[in-house]
Amino acid sequence: MVERIFKDEATEEKGERARLASLIGGMAIADLVKTTLGPKGMDKILQSTGRGHEVTVTNDGATILKSLHIDNPAAKILVDISKVQDDEVGDGTTSVVVLAGELLREAEKLLATKIHPMTIIAGFRMAAECARNALLQKAVDNKENEVMQRYSKSDLMKIAMTTLSSKILSQDKEYFAKLAVDAVMRLKGSTNLESIQIIKKPGGSLKDSFLDEGFILDKKIGVGQPKRIENAKILVANTAMDTDKVKIYGARVRVDSMAKVAEIEAAEKEKMKEKVDKIIAHGINCFVNRQLIYNFPEELFANAGILAIEHADFDGIERLALVTGGEIASTFDNPESVKLGHCKLIEEIMIGEDKLIHFSGVEMGQACTIVLRGASRHVLDEAERSLHDALCVLSQTVNDSRVLLGGGWPEMVMAKEVDELARVTPGKKSHAIEAFSRALIAIPTIIADNAGLDSAELVAQLRAEHHKEGCTAGIDVISGSIGDMAERGISEAFKVKQAVLLSATEAAEMILRVDEIITCAPHCLHLLFQGFVLCKRMSEEHEEQEQVLFLDEGKKKKLKKEAEKAQKRGVCYISRVPPGMDHVKLRQLISQYGEIQRIYLVPQNSSSIDRVNDNNKSRKRGGGSGTKAQAYSEGWVEFASKSNAKRVANLLNGEQIGGKKRSQFYYDHWNIKYLSKFKWDNLTEEIAYKKAIREQKLAIEISAAKRERDFYLKKVDQSRALSSIEERMKKKQKVQQESGGEFSVAPQKPPVCRQFPQKKPIAERERSKPQLSKDVLAGVKDLSPAYADRMEEAPWLIPSL
Amino acid sequence: MALAFDEFGRPFVIIKEQDQKVRLRGLDAQKANIASGMAVSRILRTSLGPKGMDKMLQSPDGDVTITNDGATILEKMDVDNQIAKLLVELSRSQDYEIGDGTTGVVVLAGALLEQSQKLLERGIHPIRVAEGYETASRIAVDHLEKISQKFDFGVNNIEPLVRTCMTTLSSKIVNRCKRSLAEIAVKAVMAVADLERRDVNLDLIKVEGKVGGKLEDTELIHGILVDKEMSHPQMPKQIEDAKIAILTCPFEPPKPKTKHKVDIDTVEKFQTLRKQEQQYFDVMVQKCKDVGATLVICQWGFDDEANHLLMHRNLPAVRWVGGVELELIAIATGGRIVPRFQELTPEKLGKAGLVREKAFGTTKDRMLYVEHCANSRAVTIFIRGGNKMIIEETKRSIHDALCVARNLIRNNSIVYGGGSAEISCSVCVEAAADKHPGVEQYAIRAFADALDSVPMALAENSGLQPIETLSSVKSQQIKENNHYCGIDCNDAGTNDMREQNVFETLIGKQQQIFLATQVVKMILKIDDVISPTDY
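From first to last, the protein sequence lines are chains B and S.
Just so you know, we're using this note's numbering here: the first sequence kicks off at 319 and counts up by one.
Just so you know, we're using this note's numbering here: the second sequence kicks off at 490 and counts up by one.
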């Protein structure tokens, strides 16, 4: 027997099993988001488990994956790459996961044919390099063109439209594409999207959204202040405008009479007034502050005819400073050297029912505001995400202006090159390279499938098209056919495609390299798990008496003793756990009444399934000291002997906990009950049951996949054998022809021509109406010929056979 | 449990709570220890070599690590067994001392344990086995010294160093761009190396990673990279010929450590206090300005007012810079860390040719580059990669490569890798065994067999027939008297490691043998294990 080297709850999975677990995890994640890919992809509803059960409707891959609780380590890698893709280039978050998933799927097939993972990885690497070169060659850079500005702008339009076409905004994609392009062009090459402000206001339709040249601040103008200022001079500030505290550490006010208090209050007011005066001395007519402005200074500003806006958030302040060209000030002693912001007009505008402040005619047009309108909050949220994706892609494209065509064109180009490479590569690697190209082709296939088109047909056509030189064909999902992508103006950014390719390959490689998974024990639930292990051991002992016979004498005795002890134990139920009590304190309190074994407390606000997750989260949030302790709703305590348990329950129930008077629980009461005939295993039964079910499900899944694969392989072998027989026949024939000269045709089997039942066109059907009834009659008498045919070919389709 | 009896024949208790403890003695204890040691080494065995597989480790918090670095695997594995913990320690000490070969040392130790089990079963006393191992290890280390080669490198000729680092990197996931990474590592080490003293302070090399981009974008920065931005969004993003004031005092009113109170009871006091406070910020900024600083790097935060004053006086500043980074900046720019404003003098300022802020990706991530420093001894390796795990793994790999380069600068002897050194040692030890009188002979022979297991694992992981390959290589070594024949892991078509350019450092190899032998000796000497029962 090998000694255990891990902690009790740590698990270890090795070799084939580990690989299978990670491959299945990766593929499951890919399948999850697969249906959202492409212009006709479907959305997903995400319901959070938090308060209010908030609902998000989205088809953005990164958003979906971000909100999933995932346990499988390989799946976590895929979530991670999607997140990075979102941060780096903004779009392609779904494609990267789907491509990685497809790569894994292909790799699994190769692994099943006993190709070493390292060989697969080597092949994938070569293929990825080759695909990237193909993309590099085919990428078009319109920046260096003579008529560059206009062209590249039209490129940007195309890219934006392609990106938006898969999102909720696809109805008005032209409009929004223009909006996004205009906004990005204003950034002048910077990738800082912070300076594009997106304001969401429910109401109206999506088409009512607009891009504002100026700047909109989501604030109201104070009472009694001017509602409209022309040629505004703006001071942007970040300073305290409540009572200006003395910041010297340890300073405090100590007075001995009411009069003194009044004096100091007056001094404070005076100080405030001085500050306001200083601000007014800058010669401004608008003052925007990041922090609160109290009534008193606000009144002073109103008297001076200055518009004072309080509590603008930090991004707002920064953007405002950017737009108006002022600086963010915190001291006001040198009015001459502080740069003020300028704008032509400040006015209050209404969007929907809300009043907003609008700054127009600003000096530097870097920042701008997009106001989104829409029917509901969900629509607006999704619209914002879509627009964000488009903006990200555009801002990246402005810097790296290489573009590719869309609609599955890049994948087909890459697949073609990779196929070419596979043909000239010697050794087993070529299988992996071939698999890579299959994975690439899977993406247009999925896009077509999601659109409800005949993917096999379309992709085959596309493949044929791509064998011509300089082909620009792709799948046009809208019309459902193969089309010229250049003509339809479907473009994608090179940077996005490259990132998708590279990160997906990297992730797949990483998962493939793993041959062992070691999962550490989660921090909590030690008690419960120990209990579980023990119970399992004991129940095994009970049920499988034969097995015990094989154990040596000493061990058997020990187990028996253990079981006897377990028989004697009693469990008490605590219906209410006082706040702040945890298992350590509980043990300490109860153990003075008798020996206790195990304690389990149910954490509050969590169902039993999410218990592990919840514990993890609360710990992470906590970290330091001073965090709130985990509250428990109920608990169980196991005593070493039943009688003791009964006595303690009788003794304590309804009594005050007491102890030291300072103790937190002094005034709380025990709420304890002895559970007769209840054993600790009853508690852990649920978990054991769930685990067993999960194990079984996994086994079924794996065996189903294996069966499918074996069947496929068998068929492949069969077809190979058949074709080789044919080859040999042909050769024989040839030899005969050459040598004998006697012209004898060898009996050759006619090629199998399978017929699938097909509906006849209506016109034809009209003519052959009387014949049809005959067919039906035949079918009643005997099995119809088509049915028999099918049976012959695929007996596994009919379950009863 | 051992029972002792007093003179009246009554048993008495020796160990506290004796009946609740499990005890293993004698051969059983040794066997149990050996079994658990072997279990650990079996986990690592598949990670050895350029074609070794990775392990996926899930921490208690659910974070995932993927690695094939032996030390990291063992550290994150959550091991409970005491003997297994010893092996974890073993791998860690190899990591601290040498930095590379952490997997190899555990595999070797496992092989030694496996061999010793056979010897114990034949009835040889563990101490004799341990002694035999000791003798054999000395023979092997001496032999390594003999077959090692010295090679020359200089500031201009770094090619040999790069080759050696490439050998280290080829077993990692980053082997796709091992050439560029090896060059980066060697250049970094050469930049900070003290060639006269033959020493390298690896603390001067900072390894920073950021998710995004691709592995090829990894770069060596002759300067410092700080994950911070300017304190005020409107400060200049690029400063040339910066004079840097490095402060560890905040731009805030003073906070004396001792408890004190400033009582305000009259209006005058209130006003004077206010004035003082305003002045205070002014004086602080002015002091920095007076000594001629053009950039302030501060360990602490700024008050809003101070921030604006700095911006106003055109003095860019960076706040909340960590202590380690602050030290590195001080070293790189030749400045001094100043704890009080009063102590600021022009001599204490650091100098850098260029300080710039660079933005990444679509999020608001910015980083600060401090380049062209007065003293270019501190460098930063900036790693980019597709996801967090790749970056972490690259960091570990770069660390290994840096250690290897450092070891070569310390001692420029190398041996050839690919298992050739182990095979050669094994042949040598085997020959020595025959000459040795006494029972130790068996142990020495077993040691030779254990040495063979490293090339065997290499061959196995590369998909070759282990026994066949090993025996053919061994016979080739003996026949041609060529110590440089190893396992051809990469299918390069030759067995000669000199042609494949697979090097390892001599001290690394020697250390492996020493450490593995030591641990195995320790394990063999244990003959009694007392532990509390599980329940």
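Even glycine gets a Cβ: it sits at the ideal position worked out from N, Cα and C.
Which residues does DSSP list as the beta-bridge partners of Asn-607/B? Ala-555/B
What does the alpha-carbon distance come out to for the pair Lys-1052/B and Glu-1045/B? 11 Å
Counting beta carbon pairs with one atom in the segment 775–783 of chain B and one in the segment 747–767 of chain B, are three or more of them shorter than 8 Å? Yes, the segment 747–767 of chain B touches the segment 775–783 of chain B.
Contacting positions in the segment 774–805 of chain S - beta carbon closer than 9 Å to chain B: Of all residues in the segment 774–805 of chain S, Asp-792, Asp-793, Glu-794, Ala-795, Asn-796, His-797, Leu-798, Met-800, His-801 have a Cβ within less than 9 Å of some Cβ in chain B.
Quick one: any contact between the segment 583–594 of chain S and the segment 558–570 of chain S, if contact means 3 or more CB pairs under 8 Å? yes
Have a look at the DSSP bridge pairing and note the partners of Ala-682/S. Val-689/S
Are the beta-carbon atoms of Gly-807/B and Lys-476/B separated by less than 9 Å? Their beta carbons are under 9 Å apart, which means Gly-807/B touches Lys-476/B by this criterion.
Can you give me, in chain order, the residues of the segment 545–557 of chain S that have a beta carbon less than 8 Å from any beta carbon in chain B? Met-545, Leu-546, Gln-547, Ser-548, Pro-549, Asp-550, Gly-551, Val-553, Ile-555, Asn-557
Looking at the strands, I want to know which residues DSSP matches up with Ser-981/B. None, per the DSSP bridge assignment.
Are the C-beta of Cys-838/B and some C-beta of chain S separated by less than 9 Å? yes
Alpha carbons only, please: which of Pro-1021/S, Ile-1012/S, Glu-794/S is nearest the one belonging to Asn-522/S? Ile-1012/S
Ala-881/B versus chain S: which residues are under 8 Å apart at the beta carbon? In chain order: nothing, as chain S lies at least about 12 Å away.
Spell out whether any CB of chain S is found under 9 Å from the CB atom of Ile-835/B. yes
Given Asp-706/S as reference, the closest of Ile-713/S, Gly-712/S, Glu-697/S once Cα atoms are compared: Glu-697/S
Spatially closest choice to Val-351/B from Leu-338/B, Phe-324/B, Ala-393/B, Ser-340/B, by CA coordinates: That would be Ala-393/B, whose Cα lies nearest to the Cα of Val-351/B.
Residues bridged to Thr-994/S by DSSP? Ile-903/S
For Ile-477/B, which residues in chain S fall below 9 Å Cβ to Cβ? Ordered by position in chain S, no residue passes the 9 Å Cβ test against Ile-477/B, which lies about 15 Å from the chain.
For Val-373/B and Ala-440/B, the rounded distance between their alpha carbons: 44 Å
Counting only the same chain and skipping the five closest in sequence on each side, list residues whose C-beta sits under 8 Å from that of Lys-886/B. Ala-958, Ser-959, Lys-960
Assumed close pair Ala-621/S, Ala-932/S - CB separation to whole angstroms, cut-off 8 Å: Note that residue 621/S is Gly in the sequence shown, not Ala. The Cβ separation is near 2 Å, so the contact holds.
Based on DSSP bridge pairs, tell me the residues matched to Val-680/B. Cys-661/B
Could you spell out where the beta strand (DSSP E) holding Gly-801/B opens and where it closes? 799–802
Quick check: what's the CA-CA separation for Thr-657/S versus Gly-888/B? 59 Å
Taking the alpha-carbon positions, what's the Met-878/S to Ile-872/S distance? Those two C-alpha atoms are separated by around 12 Å.
Excluding five sequence neighbours on each side, which residues of the same chain lie with their C-beta closer than 7 Å to the C-beta of Gln-547/S? Val-553
Backbone secondary structure at Ala-841/S - three-state DSSP: strand
Decide yes or no for the touch test of the segment 963–976 of chain B against the segment 987–1001 of chain B: beta carbon pairs closer than 8 Å, at least 3 of them. yes
Residues of the segment 863–895 of chain S with Cβ closer than 7 Å to any Cβ of chain B, in chain order: Gly-875, Asn-876, Lys-877, Met-878, Ile-879
Is the shortest distance between the beta-carbon of Pro-649/S and the beta-carbons of chain A less than 9 Å? No chain A appears in the structure shown, which is made up of the protein chains B and S.
For Asp-500/B and Leu-474/B, I'd like the C-alpha separation in whole angstroms. About 10 Å.
Rounded to whole angstroms, what's the CA-CA distance from Gly-521/B to Ala-708/B? Just pull it up for me. 23 Å
Where Cys-787/S falls: helix, strand or coil (DSSP): strand
Could you tell me whether the Cβ atoms of Asn-984/S and Ser-821/B are closer together than 9 Å? No. Outside cutoff.
Cα separation between Arg-916/B and Ala-949/B? 19 Å
Excluding the 5 residues flanking Val-675/S on each side, which residues of the same chain have their C-beta closer than 7 Å to its C-beta? Ile-647, Leu-650, Val-651, Cys-654, Ala-894
Are three or more beta carbon pairs between the segment 723–732 of chain S and the segment 425–435 of chain B nearer than 8 Å? no
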